[in-house]
Amino acid sequence: MNTTRFIVNFAGEAIQTIVADKASAADEWVREILSSHATSRRIIVGLDCEWRPTFIPNTSNRCATMQLCVGNRCLIVQLFYIDAIPSSLKDFVRAPNVTFVGVGVGNDVQKLRTEYDLSCLHWEDIEPLAMRYRNWSFFGLARPGLKVFAREIVGLRMEKLKHVTQSDWQARELSEAQIRYACIDAYASYKLGVELLG
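Residue 30 is where the sequence shown starts when you use my numbering, and the numbers rise one by one after that.
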């Protein structure tokens with residue numbers, strides 16, 4: 030798969046999405062984000078990773094994709110197939126004014142560091158912030174996830190279809206359903222991060 034561009038329409042937003050297996054495409058996305066946020070004190074980035082599910086207890090496959098979203102711009106990096114991780118992306122994840130956000134994002138951050146030497150300097154698990162946002166026991170939910178937080182806090186209605194979430198994220202070519210899912214997860218994390226971190 031070469032670098033591919035998609036428009037993912039979701040919740041009235043046309044999310045410009047790049048699926049990249051080339052360092053040059055990831056580099057271009059990083060440069061566009063830094064250029065458009067040159068005067069920002071802080072850049073909030075929705076972060077999510079996907080990997081092929083394993084059904085063996087206490088094991089996990091390597092991250093196959095990393096999704097980043099800022100505003101209506103999403104980058105899906107096919108980590109298994111990218112020709113090289115560009116220095117601009119390594120610098121971006123270590124930038125002092127960039128904060129990566131997601132529900133349970135600490136696990137993704139750890140996997141990126143140990144598996145690909147991508148060390149996010151600033152990251153925030155937005156689950157604790159979201160838990161304080163509302164009394165979730167009212168909904169009968171002990172631990173709601175991204176889907177519930179997105180719906181109840183920022184009004185986004187997401188689908189989490191099992192045949193997509195548990196699909197082969199190591200596939201050479203991602204399906205349109207995988208691309209849509211990956212993009213929307215990162216976008217929802219971004220929207221929640223903006224709302225909760227302000």
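The beta carbon of each residue, even a glycine, is placed where N, CA and C say it ideally should be.
Would you mind listing the alpha helix (DSSP H) stretches within the region 121-185 that are 4+ residues and don't spill past its ends, in chain order? Runs found: 134-145, 156-162, 175-183.
Tell me, to the nearest whole angstrom, how far the beta carbon of residue 183 is from that of residue 220; I am working on the premise that it is less than 8 Å. The pair is a contact, with the Cβ atoms about 5 Å apart (cut-off 8 Å).
What residues in its chain sit with their C-beta under 6 Å from that of residue 99, if we drop five residues either side in the sequence? Within the same chain, and ignoring the five residues on either side of residue 99 in sequence, the residues whose Cβ sits closer than 6 Å to its Cβ are 62, 74.
When you compare only the Cα positions, how much space is there between residue 95 and residue 115? Spanning the two alpha carbons is a distance of roughly 14 Å.
Give me the residue from 213, 130, 56 with the minimum Cα distance to residue 176. Among 213, 130, 56, the Cα nearest to that of residue 176 is on 213.
Can you have a look at residue 135 and say buried or exposed, based on whether 16 or more other CB atoms are within 10 angstroms of its CB? Counting of Cβ neighbours within 10 angstroms places residue 135 among the exposed residues, the total staying below 16.
Reduced DSSP secondary structure (H/G/I, E/B, other) of residue 79: The three-state secondary structure of residue 79, taken from DSSP, is strand.
From the DSSP output, in three-state form, read off residue 102 for me. In the structure shown, the three-state DSSP call for residue 102 is strand.
Per DSSP, which one or two residues make a beta bridge with residue 194? According to DSSP, residue 194 shares a beta bridge with no other residue.
Taking residue 47 as the reference, which of 107, 163, 223 has the closest Cα? Nearest C-alpha to residue 47: 107.
Look up residue 114 in the DSSP assignment and say whether it is helix, strand or coil. Looking at residue 114 - three-state DSSP - the assignment turns out to be coil, as it is neither helix nor strand.
Where do the N-terminal and C-terminal ends of the alpha helix (DSSP H) with residue 34 fall, by residue? It is not in any alpha helix (DSSP H) - residue 34 instead sits in the beta strand (DSSP E) that spans 33-39.
Which two residues bound the contiguous alpha helix (DSSP H) that contains residue 188? DSSP places residue 188 outside any alpha helix (DSSP H), giving it a letter other than H or E.
The region 149-157 in contact with the region 193-206 per 3-pair CB rule at 8 Å: No: fewer than three Cβ pairs fall under 8 Å.
What does residue 97 pair with, by DSSP beta-bridge criteria? Answer is 76, 104, bridged to residue 97.
In whole angstroms, what is the alpha-carbon distance linking residue 186 and residue 35? Between the C-alpha atoms of residue 186 and residue 35 there is a straight-line separation of about 20 Å.
Once DSSP output is grouped into helix, strand and coil, what is the label at residue 202? If DSSP states are grouped into helix, strand and coil, residue 202 belongs with coil.
Where residue 67 falls: helix, strand or coil (DSSP): It is coil, neither helix nor strand.
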